[in-house]
Amino acid sequence: MGDSVNVVYETLGRYIDDLCGSIYLGTARGKAVFYGKAAHPLTPTEDPLPFMNIFYSHGLIEITAVWGRMEKGAFLVRMVPSRIDVDRITGVIEITFHPVGGGVVVITLHGNPGLAETLRDAAKACRKEEGKGEGELLSSKGQPLNLITPQDSAKSSFP
1 MGDSVNVVYE
11 TLGRYIDDLC
21 GSIYLGTARG
31 KAVFYGKAAH
41 PLTPTEDPLP
51 FMNIFYSHGL
61 IEITAVWGRM
71 EKGAFLVRMV
81 PSRIDVDRIT
91 GVIEITFHPV
101 GGGVVVITLH
111 GNPGLAETLR
121 DAAKACRKEE
131 GKGEGELLSS
141 KGQPLNLITP
151 QDSAKSSFP
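In terms of UniProt numbering, the sequence shown opens at residue 1 and continues consecutively.
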């Protein structure tokens, strides 16, 4: 099996685990982009955008997305968010994650003020609990990565 197929199966497995053992926060259409030396899309960035499913578990926010009928793809991020911004007029929510290895992951969701408030509350809970365990970043649009939380003080990098 190819790497992208493995990412799809890994993401689907995590999604099912989250349905059983995490707190569901919401679903919204959205996109994810990694910004390092250059912008690297982690999900499709054109319409139709994939549905992003958002969960809270053990001090971390986990966002999963699976897309495609012919060419399947998937995305998963599991980290403590650095920032959540909301455009009150358009309802667009931006969640920023800072992987230990550098760069920034920005997830843009087309949600509503209620979802934004829920995400802010979850982010506060993440900071109180200090995110237990490893952070993760997987995308079928790039090589899968395991990112370690700052508490684990390991180094990682984006390809």
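Cβ atoms here follow ideal geometry from the backbone N, Cα and C, with glycine treated the same way.
Strand pairing of residue i, partner residues [DSSP]
i	result
residue 209	Outside the displayed range of the chain (1 to 159) lies residue 209, so it cannot be described from this structure.
Arg-69	None; Arg-69 has no bridge partner.
Ala-39	Tyr-35
His-110	Arg-29, Val-92
Glu-46	Glu-46 is not bridged to any residue.
Straight-line Cα distance separating residue j from residue i
i	j	result
Tyr-35	Cys-20	32 Å
Arg-83	Ala-32	14 Å
Leu-109	Ala-116	9 Å
Val-104	His-40	10 Å
residue 171	Asn-6	Coverage of the chain is limited to positions 1 through 159, which leaves residue 171 absent and any answer about it impossible.
Ile-63	Met-70	23 Å
Gly-111	Ile-93	6 Å
Leu-49	Val-66	10 Å
Thr-96	Ser-22	21 Å
residue 163	Thr-27	Residue 163 lies beyond the range of the chain shown here (1 to 159); nothing can be said about it.
Glu-129	His-58	7 Å
Lys-141	Met-52	16 Å
Ile-54	Ile-16	12 Å
Arg-78	Thr-43	15 Å
Assigned exposure category for residue i - 16 Cβ within 10 Å defines buried
i	result
Asp-18	buried
Gly-68	exposed
Ile-9	Looking at the sequence itself, residue 9 is Tyr, so the reference to Ile does not match. So Tyr-9 ends up on the exposed side.
Arg-88	exposed
Lys-113	It is worth fixing the name first, because residue 113 is Pro in this sequence and not Lys. Per the 10 Å Cβ criterion, exposed.
Thr-11	buried
Gly-102	exposed
Ser-157	Any reading at Ser-157 needs caution, since the residue's pLDDT is 35, under 50, leaving its predicted position unreliable; the model's value is listed next. Label assigned to Ser-157: exposed.
Tyr-56	buried
DSSP-derived helix/strand/coil call for residue i
i	result
Glu-94	strand
Asp-85	strand
Thr-27	strand
Thr-64	strand
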